[in-house]
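Quick notes on the structure that follows.
Residue numbers (mature numbering (1 follows the signal peptide of the UniProt record, and there is no 0)): -24 to -1, 1 to 212.
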């Protein structure tokens, strides 16, 4: 009887250890996830700080105090945009349709919608510092860093598609692209930034159509021209 009692006690002891181990592992998972998230954020902070340093250095400011204000404003803004994006996934917007088109909302549509709810002061605080400390040209240089020069690149595209673009047409298109650039800085990645530019590219093309142009025909002619040039290059 004593032998059986010892076996039973040993079984309870082993079972108890197993239970403790399972519960310990279960308790460890949230801690591990939290640690991983914190590590990723710390790494991201370092990358953002480096980016802010590089963008500020590119301005060649001969005023340490001014440079510090600009650098801090950029780094703070980038981190707030990142945090807002990471804390507001596309799933927060219910699946549905775009009331303007009737098309089903894509995941990008839903992400743009929720990302656009970022508090206005996040944008304004950055722009207020940039405008107070920098020249208009330097402000544009910073915004171009955020959007990897998409204004100039896109404008060159319009010149290629519409070779006889008039000065007033260029001015209107440039205005739309600059609006896109400033709005786009409040979005975390290039996919979202490009989506914002697409909104304003549509405005540009609608403007050209209303100004007597046929955007569809112009674009088709450009594509055909590029194809012929590629075919000719292959033959040579």
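We put the CB at the ideal spot given by N, CA and C, even for glycine.
- Taking one beta carbon from each stretch, the segment 82 to 94 and the segment 61 to 70 have 3 or more pairs nearer than 8 Å; the two touch.
- At least 7 Å separates the beta-carbon of residue 137 from that of residue 180.
- Judged by DSSP in its simplified three-state form, residue 124 adopts coil rather than helix or strand.
- Collapsing the DSSP output to three states places residue 73 in a strand.
- Inter-segment contact for the segment 35 to 47 and the segment 107 to 124 is present: three or more beta-carbon pairs are separated by less than 8 Å.
- By the Cβ neighbour-count rule, residue 161 is buried, with 16 or more other Cβ atoms within 10 Å of its own.
- In the three-state DSSP reduction, residue 80 falls in the strand class (E or B).
- Sorting 61, 100 and 14 by C-alpha distance to the C-alpha of residue 93 places 61 at the top.
- About 6 Å separates the beta carbons of residue 58 and residue 20, which is inside the 8 Å limit, making them a contact pair.
- Residue 114 and residue 30 have their C-alpha atoms roughly 14 Å apart.
- DSSP places residue 38 outside any alpha helix (DSSP H), giving it a letter other than H or E.
- Inclusion of residue 123 and residue 169 in the CB contact set at 7 Å is warranted, their separation being smaller than that value.
- C-alpha of residue 103 to C-alpha of residue 28: approximately 15 Å in a straight line.
- The residue from 204, 52, 203 and 36 with its alpha-carbon nearest to that of residue 111 is 36.
- In the structure shown, residue 62 adopts helical secondary structure according to DSSP, grouped into three states.
- Residue 152 counts as buried, since no fewer than 16 other beta carbons sit within 10 angstroms of its beta carbon.
- For the alpha helix (DSSP H) assignment, the segment 127 to 158 encloses no uninterrupted run of at least 4 residues.
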